[in-house]
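Here the structure is laid out as structure tokens; the discussion comes afterwards.
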Amino acid sequence: MSRATIWRCWLALVLLLTATTASAFVPLGAFNLVVSLVIAITKALIVLLFFMELSASRALVRAFAAAGFFWLLIMIVLTGADYWHRTDVRAPIDMTTSY
Amino acid sequence: MQASANETYLNATVGIRSWLLTTDHKRIALMFFAGITFFFFIGGVAATLIRFELITPGPTLGSADFYNRLFTMHGIVMVWFFLIPSIPTTLGNFMLPLMIGARDLAFPKLNLTSWYLYMAGGLLTIAALILGGVDTGWTFYEPYSTFYATGYLILAITGIVVSGFSSILTGLNFIVTTHTLRAPGMTWYRLPVFVWSLYSTSVILVLATPVLAMTLLMLIAERVFHVGIFSPQLGGDPLLFQHMFWFYSHPAVYIMILPSMGVISEIVPAFSSKPLFGYGFVVWCSIAIGGIGFLVWGHHMFVAGQSLYASLAFSFLSYLVAVPSAIKVFNWTATMHEGWIRFSAPMLYAFGFIGLFTIGGLTGLFLAALPIDVHVTDTYFVVAHFHYIMVGGAVMGYFAGLHYWWPKITGRLYPDYWARFAAIVAFFGFNLTFFPQFILGYLGMPRRYQVYPPEFQVWQVLSSTGASVLAVGYALPLFYFAWSILKGPRASANPWGATGLEWTARSPPPPENFTKVPTVVRPAYQYVRGKPCMQAGDV
Amino acid sequence: MSDRTLGFQYATPAQQREASTLGMWTFLATEVLFLGTLVAAYLNYRIYHPHEIIEAARHTKIVLGTANTGVLLTSSACMAMAVRSVDDQARRSAVWWLLATALLGILFVAIKGYEYFEEFQEHLVPALNFDFTRYGPVGELFFTWYFAVTGFHAVHLVIGIVIVLIAAGLLAADRFPDTMSVRIIGLYWHFVDIVWIFLFPLIYLAGRAH
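Chains G, F and X supply the protein sequences, listed in that same order. Counted the way this note's numbering counts, the first sequence spans residues 1 to 99. Counted the way this note's numbering counts, the second sequence spans residues 1001 to 1539. Counted the way this note's numbering counts, the third sequence spans residues 2001 to 2210.
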């Protein structure tokens, strides 16, 4: 990876950082989270592909890199499948019992 | 590197330092074996006391609190310090490099570190159990475990976290070794199924164990600092703890059973003198079980307050995992069809495994069914089911593998007559112990209770009787294995007529495993009219 | 910069390099799950307590957080430059880039420490001085999570700083084992950066638009 590529990546990362911080102040409702996560994924991909050299790596190494994130996604999606559809009545919060 | 003909990994260097600082995977495997046998004994003592306690409908040995600590100790020790590490760290550690034609694992020092972490974790937890025990059950459910449980919970959990890092290191080591250190000619589809099973197991170890570590660390934080994380009275959700606990602990069941399945896949062709039927199916079913095993954990939470939508999804996914498991059973059976079957001790254990695992698997389908599970949740039905998988399956497989590779590990033979006797005793003892528990569970006996209605006593006594038979079955190997080390006849390099690379090395192997790096020329399990064709070298 | 002696279990240096690379990536996969557990917890609690979590997150210091993200992103670029210099056999410049990486890491920890200090003054630290009447129990839930996740991240970063400083020292003394190791250290450093990339929007950006 050339020096120029490194600093171009850095510039892209800093611009994305500015964009994500700015977007947080625009009222989009639930889409604020979506926008910020999409930008975070983009930033992470830049780091993974260029700084961590996955763009020049064999498919095997990329698969190793992807595995952790994929399994984390399994956890998030399947726990989310529960939380999105909860209809239970919650116990009241009562801090006196624990102290 | 010219080794003398008598030099083995056992006598190459001597002294306690040569063991405690060794990086030889074979010696580390033996050190793990010592630790695992110790913890199996501790867990077994707890099991014996539990069965003793349950002979009478009322309290027999002690208070309800004592009973709580007893089954917690049994669960924690057996799950984390026996079942999970048992086959990977002993047989896997010993055999993986031999089976792929390597001289050691990829990271030998990491392997030794793994043993120290395992022992440190085990001793921390044992210390907690001796100092006063833990009464939460092995699942540490919230919020009981943070604000109400007494005892040395933090110490016990710290031990589990530490030993979890041992699991991670072992899994990492196996994965990298399988990828990088295969001998020339050892392509993926020539690998023995045991190696594939270990690979799938390692993936689970590496990806699931960190979740348990983090979850338990959060539990410790909550208990120590009295801050809200999972406790409902502080705004948390106890179900989140259960989700994360079972994200690890359900795949952990596959950590226990997959290596056993691998062992059986080695033994069945060797003692049927026939190629393994449907090698590709067995291999990909191992991988599929490892993968699907991550998608089913919610079936532990059907009655816990999880949303119905999630329960339905998890119920369906739980059914799915039965498919690859069943395919494997069919493949082992088909391998034996028209084979030259020898009824030696390892094969008898393998028979036991197949039968008991099938019962365990089929009752698992009952529990995957949402409405039936609601009926039998937290009853002896569940207890019987998972013991059929973990003891009938995983432990039988462990004993099968131990008997199969014993001549390779020690260079000695054991008396086959006694070994066959022990296998049969264990099989009948096991069924007598746990089959009555299916009936008890169906009748409504809840788990984790010290007292029960008098009409259940006949089943409980049957179960306890079976437990004593089972104990004899598990104790016998101690004696004839000890005899074998001292006086057993010398084993040849390939006493069973198996085909794997490990059987081309001397028994016991030299420190560098192979005097010359083997070149693999054919797939695993090749037999011509009952005669083995070794993976390396001539027929 | 010579290649280190070959481990006896390896047949070729290429095999050994392959093993180090795969080993590091496997380790990073475990780290994804380890820290990812906390991310999953956060996301589920945001569904569980949709308003309270966002309300609590507004008490975090967005200026410091954004600045710190910039610091860490820059440190990653420096790390990449160090790897580049090692590839070019430019030992001295590699040492300087490693030092720059470590210094930016230290700067991050310093800013983080100041942030903790401000939060302490605002009675936002659970178990020490959390003000329930002002921030509510779910606020405490959020800040417990916040201190846990940033704490684990900081520990990872400090470990990274120590390793990078050691590598710089060995490289300066020309006693570095081999070129591969800088790459492996780099992978770890970039990973710690990626963790922060995901934590940043979850911690600092929630609920700013109200």
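Beta carbons: idealized from backbone N, C-alpha and C, even for Gly. Note that the coordinates shown come from a computational prediction; the quantities given were computed from them, not determined experimentally.
Between the Cα of F/Phe-1245 and the Cα atoms of F/Tyr-1380, F/Ile-1255, F/Phe-1140, F/Leu-1443, which residue gives the shortest distance? Translated into positions along the second sequence, residue 1245 of chain F becomes position 245. The residue among F/Tyr-1380, F/Ile-1255, F/Phe-1140, F/Leu-1443 with its C-alpha nearest the C-alpha of F/Phe-1245 is F/Phe-1140.
Starting from the N-terminal side, write out each stretch of the alpha helix (DSSP H) that is 4 residues or longer and does not extend beyond the segment 1364-1402 of chain F. List check, alpha helix (DSSP H) in window: 1370-1376, 1380-1387.
Does G/Thr-59 come within less than 7 Å of chain F when only Cβ atoms are used? Translated into the one-based positions of the first sequence, residue 59 of chain G becomes position 59. Per the sequence presented here, residue 59 of chain G reads as Ala, with Thr not at that position. Not closer than 7 Å to any Cβ of chain F, the Cβ of G/Ala-59 fails to qualify, so no.
Could you tell me whether any Cβ in chain F is nearer than 7 Å to the Cβ of X/Thr-2026? Position 26 of the third sequence, counted from the start, is the residue given in the question as residue 2026 of chain X. It does; some Cβ of chain F falls within 7 Å.
With a threshold of 7 Å between beta-carbons, can G/Arg-62 be considered close to chain A, or not? No chain A appears in the structure shown, which is made up of the protein chains G, F and X.
With DSSP as the reference, identify every bridge partner of F/Val-1472, one or two as the case may be. Working through the second sequence from its first residue, we reach residue 1472 of chain F at position 472. F/Val-1472 has no beta-bridge partner at all, per DSSP.
Alpha carbons only, please: which of F/Ser-1272, F/Leu-1098, F/Ala-1102, F/Trp-1115 is nearest the one belonging to F/Gly-1497? Translated into positions along the second sequence, residue 1497 of chain F becomes position 497. Residue F/Ser-1272 is the option with its Cα nearest to F/Gly-1497.
Roughly how many whole angstroms lie between the Cα atoms of F/Ser-1318 and F/Gly-1364? To locate residue 1318 of chain F, count along the second sequence from 1; it is residue 318. To locate residue 1364 of chain F, count along the second sequence from 1; it is residue 364. Across the structure, F/Ser-1318 and F/Gly-1364 are spaced so that their CA atoms are roughly 9 Å apart.
Could one say the Cβ of X/Ser-2072 lies closer than 7 Å to chain F's Cβ atoms, at least one of them? Here residue 2072 of chain X corresponds to residue number 72 of the third sequence, with the count starting at 1. The sequence as given places Leu at residue 2072 of chain X; Ser does not occur at that position. No, because no Cβ of chain F sits closer than 7 Å to the Cβ of X/Leu-2072.
Tell me the start and end of each unbroken alpha helix (DSSP H) in the segment 1292-1347 of chain F that is at least 4 residues and wholly inside, in chain order. Qualifying alpha helix (DSSP H) stretches, in chain order: 1308-1336.
Any C-beta of chain X sitting closer than 7 Å to the C-beta of G/Leu-15? Counting from one through the first sequence, the residue named residue 15 of chain G turns up at place 15. Chain X contact via Cβ: absent.
Going by the C-beta, is F/Pro-1477 closer than 6 Å to any heavy atom of the ligand PLP? In the structure shown, the ligand PLP is absent, as is every other ligand, since no ligand is present at all.
Could you pull the DSSP bridge partners for F/Arg-1490 from this structure? Taking the first residue of the second sequence as 1, we reach residue 1490 of chain F at position 490. Looking at the DSSP assignment, F/Arg-1490 forms a beta bridge with F/Arg-1412.
Comparing the C-beta of G/Arg-86 with each C-beta of chain F, is any distance below 7 Å? Position 86 of the first sequence, counted from the first residue, corresponds to residue 86 of chain G. Contact of G/Arg-86 with chain F is assigned, a C-beta pair being separated by under 7 Å.
How many Å lie between F/Thr-1519 and F/Leu-1010 at the Cα? Your numbering for residue 1519 of chain F matches position 519 in the second sequence. Your numbering for residue 1010 of chain F matches position 10 in the second sequence. Those two C-alpha atoms are separated by around 26 Å.
State buried or exposed for X/Gln-2121, treating a residue as buried only when at least 16 other CB atoms are found within 10 Å of its CB. The residue you call residue 2121 of chain X lines up with position 121 of the third sequence. The residue is exposed, with fewer than 16 neighbouring Cβ atoms inside 10 Å.
Do you know offhand how far G/Phe-70's Cα is from G/Gly-80's? Taking the first sequence and counting its residues from 1, the one referred to as residue 70 of chain G is at position 70. Taking the first sequence and counting its residues from 1, the one referred to as residue 80 of chain G is at position 80. CA-CA distance, G/Phe-70 to G/Gly-80, rounds to 15 Å.
Cβ atoms of F/Leu-1169 and F/Ser-1249: under 7 Å apart, would you say? By one-based count along the second sequence, residue 1249 of chain F stands at place 249. By one-based count along the second sequence, residue 1169 of chain F stands at place 169. Taking 7 Å as the Cβ cut-off, F/Ser-1249 and F/Leu-1169 do not qualify as a contacting pair.
Other residues of its chain near F/Ser-1202: CB distance less than 6 Å, five sequence neighbours each side excluded: Walking along the second sequence from the start, residue 1202 of chain F turns up at place 202. Excluding positions up to five away in sequence, the list reads Gly-1171, Phe-1174, Ile-1175.
Taking the alpha carbon of F/Gln-1233 as the reference point, which residue from X/Glu-2140, X/Thr-2150, X/Leu-2199, X/Leu-2171 has its own alpha carbon closest? For the purposes of this step, residue 1233 of chain F is identified with residue 233 of the second sequence, where counting begins at 1. Measuring from the Cα of F/Gln-1233, the nearest candidate turns out to be X/Glu-2140.
Between the segment 1380-1399 of chain F and the segment 1352-1367 of chain F, do three or more beta carbon pairs fall short of 8 Å? Yes, the segment 1380-1399 of chain F touches the segment 1352-1367 of chain F.
Tell whether a beta-carbon distance below 7 Å holds between F/Gly-1352 and F/Met-1396. For the purposes of this step, residue 1352 of chain F is taken as residue 352 along the second sequence, with counting starting at 1. For the purposes of this step, residue 1396 of chain F is taken as residue 396 along the second sequence, with counting starting at 1. Using a Cβ distance threshold of 7 Å, F/Gly-1352 and F/Met-1396 count as a contacting pair.
Between F/Gly-1360 and the rest of its own chain, which residues show a CB-CB distance below 7 Å, the 5 nearest in sequence each way excluded? Position 360 of the second sequence, counted from the first residue, corresponds to residue 1360 of chain F. Correct list, in chain order: His-1385, Tyr-1388, Ile-1389, Gly-1392, Gly-1393.
Applying the criterion that 16 or more other CB atoms from any shown protein chain within 10 Å of the CB defines a buried residue, is F/Gln-1242 buried or exposed? Residue mapping note: residue 1242 of chain F aligns to position 242 of the second sequence, counting from 1. Answer is buried; the Cβ neighbour count reaches 16.
Could you confirm whether any beta carbon from chain F is found closer than 7 Å to the beta carbon of X/Phe-2034? Reading the third sequence from its first residue, position 34 is the one you call residue 2034 of chain X. Yes, contact with chain F.
Considering only C-alpha positions, which residue in the set F/Ile-1160, F/Leu-1091, F/Ile-1292 is nearest to F/Phe-1033? Position 33 of the second sequence, counted from the start, is the residue given in the question as residue 1033 of chain F. Among F/Ile-1160, F/Leu-1091, F/Ile-1292, the Cα nearest to that of F/Phe-1033 is on F/Leu-1091.
Alpha-carbon spacing of X/Tyr-2116 relative to X/Ile-2053, whole angstroms: Counting from 1 along the third sequence, the entry for residue 2116 of chain X is found at position 116. Counting from 1 along the third sequence, the entry for residue 2053 of chain X is found at position 53. In a straight line, the C-alpha of X/Tyr-2116 is about 19 Å away from that of X/Ile-2053.
Chain F partners of G/Thr-79, CB-CB under 7 Å? The residue given as residue 79 of chain G occupies position 79 in the first sequence. Those within 7 Å of G/Thr-79 in chain F are His-1243.
Under 7 Å between C-beta atoms of F/Tyr-1398 and F/Ser-1167: Sequence index remark: in the second sequence, residue 1398 of chain F carries index 398 (1-based). Sequence index remark: in the second sequence, residue 1167 of chain F carries index 167 (1-based). Cβ atoms of F/Tyr-1398 and F/Ser-1167: not closer than 7 Å.
Are any of the Cβ atoms in chain X nearer than 7 Å to that of F/Thr-1600? Since the first and last residues shown for chain F are 1001 and 1539, residue 1600 of chain F lies out of range.
If you drop the 5 nearest sequence neighbours on each side, which residues of the same chain put their C-beta closer than 7 Å to that of F/Ala-1281? Position 281 of the second sequence, counting from 1, holds the residue named residue 1281 of chain F. Here residue 1281 of chain F turns out to be Phe, not Ala, going by the sequence shown. So the qualifying residues of the chain are Ile-1327, Asn-1331.
Does F/Ile-1050 get closer than 7 Å to chain X when you measure Cβ to Cβ? What you label residue 1050 of chain F is simply residue 50 of the second sequence in a count that begins at 1. Answer no: the Cβ-Cβ gap between F/Ile-1050 and chain X never drops below 7 Å.
Endpoints, the alpha helix (DSSP H) within which F/Gln-1526 is located: By 1-based counting over the second sequence, the position of residue 1526 of chain F is 526. Going by DSSP, F/Gln-1526 is part of no alpha helix (DSSP H) but of the beta strand (DSSP E) stretching over 1526-1528.
By a C-beta neighbour count over all protein chains shown, 10 Å radius and 16 as the cutoff for buried, is X/His-2049 buried or exposed? Locating residue 2049 of chain X in the third sequence gives position 49, counting from the first residue. Classification for X/His-2049: buried.
Quick check: X/Ser-2085 and X/Ser-2093, are their CB atoms within less than 7 Å of each other? On the third sequence, residue 2085 of chain X is found 85 positions in, with the first residue counted as 1. On the third sequence, residue 2093 of chain X is found 93 positions in, with the first residue counted as 1. It is a contact, given that the beta carbons lie within the stated cut-off.
With distances taken Cα to Cα, identify the nearest neighbour of F/Val-1528 among F/Leu-1320, F/Tyr-1414, F/Ala-1270. Here residue 1528 of chain F refers to the residue found at position 528 of the second sequence. Of F/Leu-1320, F/Tyr-1414, F/Ala-1270, the residue nearest in Cα terms is F/Ala-1270.
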